[in-house]
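In our numbering, the protein residues as written are 92 to 474. Here a beta-carbon is modelled for each residue, glycine too, at the ideal position from N, C-alpha and C. Structure first, commentary second.
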Amino acid sequence: MKSMLFALIIGVLLAGSLGASPAAAQSTCGTTYTVQKGDYLNSIARKCSTTASAILAVNPGIKNWNIIFPGQLLKLPAGTQPSAVAGSVYIVKPGDTLSGIAALFKVSLSSILKVNASITNANRIEKGQQIKLPEGAAQVRTAGITPASGKAGDGITLGATGFKPNSEVDIRFGLTESATESIVKVTTDSRGAVLQKVNVPTTAQTGKAYVFVVRSTANTAETAVSNAFTVGETASDKKEYVVVRGDSLRKIADRFDSTVAAILALNPKITNPNLILVGQRITIPVGQSGAAVSLIPTTGTAGSKITVVADGFPVNQNVDVRLELQGTSTVVVVDGKTDVSGYMKIEVTLPSSAKAGEKWLVRVITSDLAKAVEAVSGTFTIK
Numbered sequence: 092m093k094s095m096l097f098a099l100i101i102g103v104l105l106a107g108s109l110g111a112s113p114a115a116a117q118s119t120c121g122t123t124y125t126v127q128k129g130d131y132l133n134s135i136a137r138k139c140s141t142t143a144s145a146i147l148a149v150n151p152g153i154k155n156w157n158i159i160f161p162g163q164l165l166k167l168p169a170g171t172q173p174s175a176v177a178g179s180v181y182i183v184k185p186g187d188t189l190s191g192i193a194a195l196f197k198v199s200l201s202s203i204l205k206v207n208a209s210i211t212n213a214n215r216i217e218k219g220q221q222i223k224l225p226e227g228a229a230q231v232r233t234a235g236i237t238p239a240s241g242k243a244g245d246g247i248t249l250g251a252t253g254f255k256p257n258s259e260v261d262i263r264f265g266l267t268e269s270a271t272e273s274i275v276k277v278t279t280d281s282r283g284a285v286l287q288k289v290n291v292p293t294t295a296q297t298g299k300a301y302v303f304v305v306r307s308t309a310n311t312a313e314t315a316v317s318n319a320f321t322v323g324e325t326a327s328d329k330k331e332y333v334v335v336r337g338d339s340l341r342k343i344a345d346r347f348d349s350t351v352a353a354i355l356a357l358n359p360k361i362t363n364p365n366l367i368l369v370g371q372r373i374t375i376p377v378g379q380s381g382a383a384v385s386l387i388p389t390t391g392t393a394g395s396k397i398t399v400v401a402d403g404f405p406v407n408q409n410v411d412v413r414l415e416l417q418g419t420s421t422v423v424v425v426d427g428k429t430d431v432s433g434y435m436k437i438e439v440t441l442p443s444s445a446k447a448g449e450k451w452l453v454r455v456i457t458s459d460l461a462k463a464v465e466a467v468s469g470t471f472t473i474k
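Dropping the structure here:
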């Protein structure tokens, strides 16, 4: 505990000294990035068109990816900034898997891995990650953007595939596919792809979700629509949302670049993650798509059963579900596994010997990855 406290003090002092420098005020993506208030590794990765894993690989001094400080200078992986047009690239959307992307473009999984050396685990890709497509990939019209939330005027990266080679396309922006305005016209590369930095129009309204549309100027029927971009929300923002017909927590989480577990943590009145009602008001932690764990309920007696919801983890991964008594070494470990979306729901039982007033928590940690991914829940209080 003393060594951890010492490390935190040093980190705070270091952050303060870095923050005093005028150079630390910059927060653009290049060879380095200066951490800003409210930043976390996943948000920086999305902003700079890379992954948290890639940032960790070039910053070995980061021992805990959940602890970074305002003013801290991070190295960014080579190739973080794409050129205006740079070959066939697919931008990962919520719910994507690498095998699904391979099937979409009619190529083998091994061929995708071969041209994406930074992917060390085929089961682990992240929303907003740029996937290079191998030679021979099918011409499938797609469009994707990263990040999926931000403010009017922010820059985003747009990737599109499946258009005619060396042809002009119109990049458009609007609330729906049928109500867009032109931002810029660009030319596809020799494989009919575009990878382009564009700015969200300053006229975009806070709190609304927009789409980017890529359309051939020669044939307007040749069109691809991106995933949604929510304007005016940052990683630290919370938004009140009213449930509409057809909603589920998964759909809402994907729409606002969040996770089911993060939503549950802010909405303790939701006792069943599979049951929400039309008209129900829920609070959304916009942009918080990193690994998260939530407990249902958060109070109970010794021997109670707790539903553990974990989300934002690598897909199809074995995990240890650790039930820990706060402040002690007492721990109960249960095996679990995430599904194809990085989600897991599992039930654990508190020890019957637990005493009133004790606070327990659940830590979920991947068990098979070289660099483990973990998240910790809030506390469960014994009555």
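Measure from the alpha carbon of residue i to the alpha carbon of each residue in the options, then state which is nearest.
| i | options | result |
| --- | --- | --- |
| Y124 | K166, T314, I222 and I216 | K166 |
| V183 | K428, V351 and D345 | D345 |
| Q408 | T429, G391 and A239 | T429 |
| K255 | K223, N150, T308 and G235 | T308 |
| T392 | S380, A401, I375 and E449 | E449 |
| A208 | K197, G162, K223 and A194 | K223 |
| G394 | V334, A312, I473 and A239 | I473 |
| A136 | A319, A239 and I373 | A239 |
| Q296 | S134, G265 and L416 | G265 |
| T122 | D130, A145 and K128 | A145 |
| Q221 | T233, N214, A228 and T237 | T237 |
| V412 | T419, S385 and V285 | S385 |
| E465 | P442, V335, F471 and G433 | G433 |
| A315 | T267, I361 and K288 | T267 |
| V480 | L452, V425, S458 and G403 | Outside the shown range of the chain, which is 92 to 474, sits residue 480, and nothing can be said about it. |
| P359 | A447, F471 and F196 | F471 |
| A284 | T271, N257 and N290 | N257 |
| P442 | I456, A194 and K396 | K396 |
| V453 | K446, S444, A447 and V467 | V467 |
| D130 | Q163, L286 and T279 | Q163 |
| S134 | I343, A383 and G378 | G378 |
| L357 | A243, D426, A319 and A383 | A383 |
Just mark residue i as buried or exposed, buried being the case when its beta carbon has 16 or more other beta carbons within 10 Å.
| i | result |
| --- | --- |
| G219 | buried |
| L368 | exposed |
| K138 | buried |
| P388 | exposed |
| G241 | buried |
| S380 | buried |
| V231 | exposed |
| T440 | exposed |
| G235 | buried |
| A463 | exposed |
| G253 | buried |
| N310 | exposed |
| I159 | buried |
| V424 | exposed |
| Q127 | buried |
| D459 | exposed |
| V333 | exposed |
| R336 | exposed |
On the DSSP letters alone, give me the boundaries of the beta strand (DSSP E) that residue i sits inside.
| i | result |
| --- | --- |
| I274 | A270 to T278 |
| L357 | Element bounds for L357: not the beta strand (DSSP E) but the alpha helix (DSSP H), V351 to L357. |
| A295 | Run containing A295: none; DSSP gives neither H nor E here. |
| D402 | K396 to D402 |
| I373 | R372 to P376 |
| I387 | A383 to I387 |
| I222 | Q221 to K223 |
| R413 | N409 to L416 |
| I182 | V180 to I182 |
| N363 | Where N363 is concerned, there is no enclosing beta strand (DSSP E), given that its DSSP letter is neither H nor E. |
| T392 | From DSSP, T392 is part of no beta strand (DSSP E); its letter is neither H nor E. |
| V333 | K329 to V333 |
| Y124 | T123 to T125 |
| K288 | V285 to N290 |
| V316 | T314 to V316 |
| T321 | F320 to V322 |
| L167 | No beta strand (DSSP E) holds L167; DSSP gives it neither H nor E. |
Mind checking which residues open and close the alpha helix (DSSP H) that includes residue i?
| i | result |
| --- | --- |
| A344 | L340 to R346 |
| I192 | L189 to L195 |
| S202 | L200 to V206 |
Thinking residue i and residue j are a contact (beta carbons under 8 Å), I'd like their distance in whole angstroms, please.
| i | j | result |
| --- | --- | --- |
| P168 | V180 | Incorrect: roughly 15 Å between the Cβ atoms, too far for contact. |
| I437 | V399 | 5 Å |
| I354 | L366 | Not a contact, Cβ separation roughly 13 Å. |
| A352 | A401 | 6 Å |
| V322 | K299 | 6 Å |
| S273 | D261 | 5 Å |
| L249 | S317 | 7 Å |
| T374 | E331 | 6 Å |
| K205 | P225 | 7 Å |
Any heavy atom of the ligand ZN within a distance shorter than 7 Å of the CB on residue i?
| i | result |
| --- | --- |
| P359 | The model on display carries no ligand, and the ligand ZN is accordingly not part of it. |
Entirely enclosed beta strand (DSSP E) segments - the stretch 429 to 474, minimum 3 residues: Those beta strand (DSSP E) runs which fall completely within the stretch 429 to 474 and span 3+ residues are 435 to 440, 450 to 457, 465 to 467 and 471 to 473.
Those runs of the alpha helix (DSSP H) which lie wholly inside the stretch 227 to 263 and span at least 4 residues: Scanning the stretch 227 to 263 from its first residue to its last, no whole alpha helix (DSSP H) run of 4-plus residues comes out.
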